[in-house]
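UniProt numbering puts the first residue of the sequence shown at 1, with every later residue one more than the last. For reference, the structure discussed in these notes is given below.
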Amino acid sequence: MTITLTDAEMSYPWVTAGGAGRRRTPPVVGPVTLELDDGVVGLVGRNGAGKTTLLGLLAGQLKPSVGTVTSGGRDAFDDAVVLENTSLTGVDIDYAPSWTVQGILDIFARRYPHWNAAEAARLRDAFGLVETSTYGVLSRGQRTAVGIIVGLASHAAVTLFDEPYVGLDAQTRRLFYRELMDSVEADPRLVVISTHHLPDLERIVDRVLVLERGQLIHDIDADDLAGRFYRITGSEARVDALVSNAPGLTVLERRNMAGASRAVVDLGSDRAGGDVVLSQLSDLAAEPVDLEEAVVQLTGGETP
1 MTITLTDAEM
11 SYPWVTAGGA
21 GRRRTPPVVG
31 PVTLELDDGV
41 VGLVGRNGAG
51 KTTLLGLLAG
61 QLKPSVGTVT
71 SGGRDAFDDA
81 VVLENTSLTG
91 VDIDYAPSWT
101 VQGILDIFAR
111 RYPHWNAAEA
121 ARLRDAFGLV
131 ETSTYGVLSR
141 GQRTAVGIIV
151 GLASHAAVTL
161 FDEPYVGLDA
171 QTRRLFYREL
181 MDSVEADPRL
191 VVISTHHLPD
201 LERIVDRVLV
211 LERGQLIHDI
221 DADDLAGRFY
231 RITGSEARVD
241 ALVSNAPGLT
251 VLERRNMAGA
261 SRAVVDLGSD
271 RAGGDVVLSQ
281 LSDLAAEPVD
291 LEEAVVQLTG
301 GETP
């Protein structure tokens, strides 16, 4: 299912001092123009960047203040067809403390037309959940696992995960990756994962969206990641020459020390242009930068 955002913004109303009138906050997200199709998309950015709000717009749970959001060609907000084909789970989505694990799964089995009960039961056991355990006694990681099971077993055309790694240990994260990739391979659909856990995200995504203060500042295909971001080291004069003359190169960070220079650079999405730049690095030390370091630099040098 294709989701299209056209100049979409989300802001919230607030009452002025003394109750004299109503205004709206500056946009929490937007304006964003974006089209998403089947595949696994990583949504990254610092706390407060607007990731959860953007997921709410994609899910049809929030109505944009300005612009439009369509899902499968329909106005996404509060549309019954969109909602039954969209799953949004995350650490901030809680259930009644008295509900059992199996009771929660049974509720979603009635909501989603493509729900796979056998898969839900298998995942419940794989994640070590007891069907009679109540939600209130589950650890944070176990609650995260419940959300993961709902998202995967729903087989919703649009499957959205908000911070699905919270509370999971390394072994359980690997289980999630494996189950996600197997599920998407068997049933291709749009999956969006909002996360701070960047080292693992790099292995599973087809595309990365970078949010900064509500703005979509980068939209990167995973194929570009391997050859796009580099850390280069050499003499200050040589790095100066490269930065001045290389077409399409953007310096994300640079430090000069006693005649030597180190820079993190973005070669851009033009692969041919990037190859030209790489050909000029013969007398410089160059090493690829992973997704986490690239995003840190793209968002101003702070870890998301």
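Cβ atoms here follow ideal geometry from the backbone N, Cα and C, with glycine treated the same way.
Quick one, are the C-beta atoms of residue i and residue j less than 7 Å apart?
{"i": "A156", "j": "F127", "result": "no"}
{"i": "T100", "j": "T52", "result": "no"}
{"i": "G141", "j": "G167", "result": "yes"}
{"i": "V40", "j": "I149", "result": "no"}
{"i": "V295", "j": "L225", "result": "no"}
For residue i, count the other beta carbons within 10 Å of its own beta carbon; 16 or more makes it buried, fewer makes it exposed. Which is it?
{"i": "P13", "result": "exposed"}
{"i": "E163", "result": "buried"}
{"i": "P188", "result": "exposed"}
{"i": "S261", "result": "buried"}
{"i": "S71", "result": "buried"}
{"i": "V69", "result": "buried"}
At which residues does the beta strand (DSSP E) containing residue i begin and terminate?
{"i": "S194", "result": "L190 to S194"}
{"i": "A285", "result": "A285 to P288"}
{"i": "L62", "result": "Here L62 belongs to no beta strand (DSSP E), and DSSP marks it neither H nor E."}
In this structure, does DSSP put residue i in helix, strand or coil?
{"i": "L175", "result": "helix"}
{"i": "Q297", "result": "helix"}
{"i": "E163", "result": "coil"}
{"i": "S235", "result": "strand"}
{"i": "Y135", "result": "helix"}
{"i": "G56", "result": "helix"}
{"i": "M181", "result": "helix"}
{"i": "D219", "result": "strand"}
{"i": "V277", "result": "helix"}
{"i": "L242", "result": "helix"}
Identify the continuous alpha helix (DSSP H) that holds residue i and give its terminal residues.
{"i": "D106", "result": "V101 to R111"}
{"i": "E84", "result": "A80 to E84"}
{"i": "I149", "result": "R140 to S154"}
{"i": "E119", "result": "A117 to A126"}
{"i": "L198", "result": "L198 to L201"}
Tell me the DSSP bridge mates of residue i?
{"i": "A260", "result": "S235 and M257"}
{"i": "F229", "result": "D266"}
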